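Numbering (the UniProt record's numbering), first residue to last: 1 to 594. Cβ atoms here follow ideal geometry from the backbone N, Cα and C, with glycine treated the same way. Please read all numbers here as calculations on a predicted model, not as lab measurements. What follows is a single structure, written as structure tokens, with notes after it.
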């Protein structure tokens with residue numbers, strides 16, 4: 001990456017940006033749009049130079065990350081290109097680059113490292129502030145507001161909905177907002193003595209990632225309610241709600257938040273908690289990132305790290321000619337999840353789609369259901385007590401259909417479990433996702449209908465049933481009396497997800513998969529019509545996203561958005577209050593009359 005330079009800016013702007021600007025419609029003449037390079041509205045070079053001074057030289061002008069593999073680019077390096085191509089599939093590569101994203105589609109495949117792919121900077125931000133302090137974030141927000149430049153926020157790039165990237169923008173990179181401070185007792189700022197202090201808390205920079213925090217707290221026999229991916233960082237995770245292996249027992253991650261420091265869309269550095277900036281505190285815990293402000297640090301409750309009793313349960317089909325038993329058995333197993341959750345179980349269950357067994361003949365179906373089940377501070381005997389009746393029923397009902405294997409293990413702490421079970425899925429793909437929350441009625445109702453719905457939902461790809469809600473989420477008591485998390489979390493048990501990847505640079509294939517994702521989610525919507533979807537792992541084209549992501553909280557969130565950000569300095573999609581703008585070509589423009 002390159003530090004700011006006027007000469008480089010001039011070269012970069014000329015070489016990389018030929019914006020297509022749609023001019024004028026309706027009665028208002030030209031559209032009101034955010035500034036883009038090559039137009040008179042774009043800030044002059046001296047303005048960027050001044051911004052660089054205010055952020056202590058931390059304004060970057062990064063080349064497209066894949067440009068190392070393209071001879072026509074100045075950053076081309078034939079020696080390092082093979083290593084970059086190998087690293088492209090890792091989350092670690094994309095989180096360490098100031099503009100790269102885990103999903104290629106969010107940069108419009110504009111610079112992939114493979115041979116023969118096009119490469120330009122047109123899918124990426126123009127400038128990036130490598131923020132290490134709240135002051136750096138503040139200066140970026142003030143600059144974007146003053147000059148009408150579209151602003152985006154990236155931490156790790158682990159964003160299934162693409163909110164962390166946009167072309168022709170100034171990006172604030174929050175990955176290097178670091179630091180960890182452990183508190184034996186914490187009372188929120190500006191709160192009177194009557195507000196109870198919390199025993200054991202941690203304050204961390206918004207760029208801190210799950211691996212960082214688990215590792216820092218484990219020697220103290222503490223942990224947090226955190227995510228399952230190493231490179232997931234606090235900012236986007238908490239603002240979306242944040243589910244966890246520990247959620248069934250302690251609530252969502254947003255329920256653990258005691259206080260935040262953030263930069264508002266007006267460029268103020270503020271503290272938000274139950275006593276100060278109460279609306280912001282409520283909205284920032286579940287209302288979505290890049291909307292109400294940019295989190296710079298957060299204080300959360302810590303918990304004693306539990307001993308985890310873990311069981312890998314594999315149900316593999318054998319000698320069947322129809323996929324029907326797989327989905328029927330899956331529906332039965334999931335129907336037991338509410339009761340098992342109420343008894344302390346959390347789990348991740350993978351539906352592996354039925355396929356023709358290449359070794360079993362053309363009429364043999366191969367499929368599997370694999371569950372990673374967890375109890376805290378329990379025993380192998382208790383795990384068997386929960387699962388043995390379920391497996392006995394499966395064997396009686398579908399005799400000879402499943403080969404069932406148990407693999408138990410005890411972990412002394414969450415970090416020990418995480419080392420072996422963190423998310424190892426592949427990055428650097430064009431991948432589309434969808435999800436639905438399932439409540440008790442959906443899980444335990446008509447098992448035949450559930451089996452049909454699950455079959456439609458998986459439909460040739462892997463589905464994951466996250467048993468991460470339950471009593472901990474249902475009975476959570478967030479500070480301040482509540483938060484903006486989708487209310488359906490408070491009576492759901494399972495968060496069921498699906499995803500499918502497509503080849504890059506294939507718009508037709510992408511459109512087909514996007515249509516399929518909608519159809520798959522619609523099957524679950526019929527099963528659970530009154531729940532919704534977890535915003536951080538949902539379909540970015542979710543119909544009526546305002547209701548599906550926030551339910552009855554949306555109206556209050558919208559009022560807060562309009563109060564805190566009347567000029568829409570922060571804008572993303574699908575996000576609260578985005579209805580007044582639309583993307584026109586490579587520009588963000590105000591909708592006439594909005």
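Within its own chain, the residues whose Cβ lies closer than 7 angstroms to the Cβ of residue 201, once the five positions on either side in sequence are excluded, are 183, 186, 258, 299, 300, 301 and 302, listed in chain order.
Ranked by how close their Cα comes to the Cα of residue 313, the residues 349, 499 and 295 have 349 in first place. Residue environment: residue 220 is assigned as exposed (fewer than 16 neighbouring CB atoms within 10 Å of its CB, all protein chains considered). Under the three-state reduction of DSSP, residue 575 is assigned to coil, being neither helix nor strand. For residue 394, the enclosing alpha helix (DSSP H) starts and ends at 380-397. Buried is the label assigned to residue 497, since at least 16 other Cβ atoms lie within 10 Å of its Cβ. The stretch 140-199 contains, as complete beta strand (DSSP E) runs of 3+ residues, the segments 151-154, 170-173 and 180-186 (chain order). Judged by beta-carbon spacing, residue 166 lies within the 8 angstroms limit of residue 152, meaning their Cβ atoms are closer than that value. Rounded to whole angstroms, the separation of the alpha carbons of residue 436 and residue 521 is 7 angstroms. Three or more pairs of CB atoms, one per stretch, sit closer than 8 angstroms, so the stretch 240-260 contacts the stretch 451-469.
The Cβ atoms of residue 252 and residue 305 lie no closer than 8 angstroms to each other.
Across the set 555, 495 and 513, the C-alpha of 495 shows the shortest separation from the C-alpha of residue 528. By the beta-carbon neighbour count (other beta carbons within 10 angstroms, threshold 16), residue 572 is buried. Here DSSP, grouped into helix, strand and coil, assigns residue 61 to coil. Per DSSP, residue 210 is one residue of the alpha helix (DSSP H) stretching across 210-217. Here residue 484 is not near residue 536, since their CB atoms are 8 angstroms or more apart. Residue 406 sits in a strand when the DSSP states are folded into three classes. Under the three-state reduction of DSSP, residue 426 is assigned to coil, being neither helix nor strand. Just measuring C-alpha positions, the residue of 114, 133, 147 and 254 sitting nearest residue 482 is 254. In the DSSP assignment, residue 272 falls within the beta strand (DSSP E) that extends over 269-272. Leaving aside the five residues that flank residue 279 on each side, the residues in its chain whose CB is nearer than 7 angstroms to its CB run, in chain order, 560.
Of the candidates 593, 375 and 518, 518 places its Cα closest to the Cα of residue 540. Contact between the stretch 421-436 and the stretch 102-113 is present: 3 or more CB-CB pairs across the two stretches fall below 8 angstroms. Taking all protein chains shown into account, residue 179 has fewer than 16 neighbouring C-beta atoms within 10 Å of its C-beta and is therefore exposed. Assignment of residue 435 by DSSP, reduced to helix, strand and coil, places it in the strand class. Excluding the 5 residues flanking it on each side, residue 442 has same chain C-beta neighbours closer than 6 angstroms at 527 and 528, in chain order. Between the stretch 132-147 and the stretch 89-102, the count of C-beta pairs closer than 8 angstroms stays below three; the two stretches do not touch. Looking at 449, 143 and 67, the one whose alpha-carbon comes closest to that of residue 116 is 67.
Residue 88 is positioned such that its CB atom lies no closer than 8 angstroms to that of residue 62. For residue 68, no beta strand (DSSP E) segment is defined, and its DSSP state is neither H nor E.
When DSSP states are grouped into helix, strand and coil, residue 315 belongs to the strand group.
Annotation: residue 589 is outside any alpha helix (DSSP H); the continuous beta strand (DSSP E) that includes it extends over 587-590. Per DSSP, residue 460 is not a residue of any alpha helix (DSSP H), being assigned neither H nor E. Taking a cut-off of 8 angstroms for Cβ pairs, the stretch 260-277 and the stretch 117-127 do not touch, as fewer than three such pairs fall below it. Pairing residue 91 with residue 229 gives a Cβ-Cβ distance under 8 angstroms. For the pair residue 69 and residue 424, the Cα-to-Cα distance works out to about 25 angstroms.
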